Amino acid sequence: MAKDTLTITDNRTGKTYEVPIENGCIRTNALRQIKTGDDDFGLMGYDPAFLNTANCKSAITFIDGDKGILEYRGYPIEQLAEKSSFLEVAYLLLNGELPTTKELEQFNHLVTHHTYVHENVKSFMDGFRYDAHPMSMLGSTVAALSSFYPDAKNIKDPLSRRIQITRLIAKMPTIAAFSYRHTMGLPYIYPDNDLSYVANFLAMIKRIGTSTYKVHPVLERALDILFILHADHEQNCSTTSVRTVGSSEVDPYSAVSAGIGALYGPLHGGANEAVLRMLRDIGHISKIPEFIKSVKSGEGEKKLMGFGHRVYKSYDPRAKVIKRVADEVFEVTGKNPLLEIAVELERIALEDEYFVKRKLYPNVDFYSGLIYEAMGFQVEMFPVLFAIPRTVGWCAQWEEMVTDNEQKIARPRQVYTGQKRRDYVPMDKRAAK
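This note's numbering numbers the first residue of the sequence shown as 946 and each following residue consecutively.
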């Protein structure tokens, strides 16, 4: 009779151990029983960058990288992008089920009426240099919100948690827009509660010299879809940062600011900017074969940006949606001159055995930067546009972590490779170097 266990034989001692398998995993703490003697700490797993280590159980997002599947609470991302709205998806991620009409109306009302920030937040943001990066301003200001809402420390109170989550989702577009206006030297624009979540953000960004701003419905829907696609993505770098910092039972503003800090990195939130730089470096479709040859040879520093993903070994399902959205956006804004290069580069790469063999397919970043640029956003705003919707995922993951009885303060082990114990040597006894 097959058993859900793993039998391990330690060849150092000849002893055999039986370790339970649960959900396709073993608990690495079970390896601690494997010792060579009483003074042995016990066996550990060594997994740099968590390539094959699960740090939590989660019911929020499911990814099958080999099959190109991404689901929020069981719903395929393609269906949600086509039929849903960002705030409906936010409700789904936070609560586990799609809302009724009444529930969605109440949620929309709560978010809409928490979009304003304290006037002192404006003063805080005014303290940044004129050329401060919007992402730096966003992370610092979100962290500062914990001082405006001291009740946020009551993380064991379900009502308090939901109040803070609502505040974060509602105020993130406002702070993001303020960071953009500060960088551009423009006056801050207050939220308009008559507009949708996305339209309000665009109005706070774009409005100049008028009392209202008419948002093009195609661009509004395009950004709404992009927000849906970026709302959550399982245990990525920034989400892991939120969970790790949050495990100390700090307030959610501080935890989310840690996620923003991780997203600020070029390997995470800056990937679509790297795609634009690559396309500009190529310059023309006639130079694509030369570029591909350089990438394959490994000569120089040429890399195929926007292709491949840590978890996806097939076409990123989000990239398929974004490619369609790009066509709709460019019908309104006019084609980005880099689009022709991108389309041809994708075609050639998908037909090249070198990239197919390595399972390198376009990811979400390949076309998103082109869309953002066509909508008039500077590259510095790209990670900010990522952070706004990802706040929902961060909050859902944070609350799941807080209510998980198995979770404790994060404290990974290490493999010590330094000097063995040695005695202090006085200065006059040390050899000259």
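Virtual Cβ for every residue (Gly too), placed ideally from N, Cα, C. Values in this document were obtained by computation on a predicted structure and should not be read as measured data.
Quick one: measure Cβ to Cβ for V1337 and A1176, integer angstroms, because I've assumed they're closer than 8 Å. 5 Å
E1235: buried (16+ other C-beta within 10 angstroms of its C-beta) or exposed? exposed
Tell me which same chain residues have a C-beta within less than 8 Å of the C-beta of K1067, skipping the five on either side of it? F1123 and Y1133
With 16 as the cutoff for other CB atoms within 10 Å, does H1127 come out buried or exposed? buried
Inspect the beta-carbon positions of Y1257 and G969 and report whether they are closer than 7 Å. no
Given a cut-off of 7 Å, decide if I1233 and A1271 are closer than it, judged by their beta-carbon atoms. no
Quick check: what's the CA-CA separation for H922 versus V1034? In this structure the chain extends from 946 to 1378, so residue 922 is not present and cannot be described.
Can you name, in chain order, every residue of its own chain whose Cβ lies under 7 Å from the Cβ of V1309, other than the five neighbours on each side? L1174, D1261, R1263, A1264 and I1267
Rounded distance between the beta-carbons of M1080 and F1073, thought under 8 Å: At roughly 12 Å, the Cβ-Cβ gap does not stay under 8 Å, so F1073 and M1080 are not in contact.
Hey, is the stretch 1237-1256 in contact with the stretch 1288-1303, meaning 3+ C-beta pairs nearer than 8 Å? yes
Identify the residues that DSSP records as bridge partners of C970: which are they? E967
Measure the C-alpha to C-alpha separation of T1278 and E1318 and round it to an integer number of angstroms. 10 Å
How about A1144 and V1163: are their beta carbons less than 7 Å apart? no
Given 8 Å, three or more beta-carbon pairs between the stretch 950-960 and the stretch 974-981: yes
Buried/exposed call for K1116, threshold 16 Cβ in 10 Å: buried
Under three-state DSSP, which class holds F1007? strand
Rounded to whole angstroms, how far is the Cβ of G1084 from the Cβ of G1191, which I believe are closer than 8 Å? Incorrect: roughly 15 Å between the Cβ atoms, too far for contact.
So that I know if they touch, is there some Cβ in chain B lying closer than 7 Å to that of T961? Absent from the structure is chain B; it holds one protein chain and no more.
For E1016, the first and last residue of its enclosing beta strand (DSSP E): I1014 to Y1017
Suppose you measure from the CA of I1022 to the CA of L1168; what does that come to, to the nearest Å? 15 Å
State buried or exposed for A1097, treating a residue as buried only when at least 16 other CB atoms are found within 10 Å of its CB. buried
I'd like to know whether the C-beta atoms of I1108 and T1086 end up nearer to each other than 7 Å. no
For T1111, which three-state DSSP category applies? helix
Taking buried to mean at least 16 other C-beta atoms within 10 Å of its own C-beta, is E1218 buried or exposed? buried
Considering only their Cβ atoms, is the gap separating F1031 from H1063 smaller than 7 Å? no
Beta strand (DSSP E) segment containing L951, residue limits: T950 to T954
For Q1024 versus R1188, is the C-beta spacing smaller than 7 Å? no
In whole angstroms, give me the CA-to-CA distance for D985 and T950. 24 Å
Range covered by the alpha helix (DSSP H) that runs through V1190: C1182 to G1191
Please report how far the alpha carbon of F1275 lies from the alpha carbon of N1281, in whole angstroms. 7 Å
Nearest-angstrom Cα distance between S1313 and G1253? 15 Å
Residue from I1227, G1321 and S1186 with nearest C-alpha to I1150: G1321
Once the 5 residues before and after L1104 are set aside, which same chain residues still bring their CB inside 7 Å of it? none
Just confirm the distance between the C-beta atoms of E963 and T952, as a whole number of angstroms; I'd bet it's less than 8 Å. 5 Å
CB-CB under 6 Å to S1381, same chain, minus the five flanking residues each way: which ones, in chain order? Missing from the structure shown is residue 1381; the chain here goes from 946 to 1378 and no further.
D1196, buried or exposed, once every other Cβ within 10 Å from all chains shown has been counted against 16: buried
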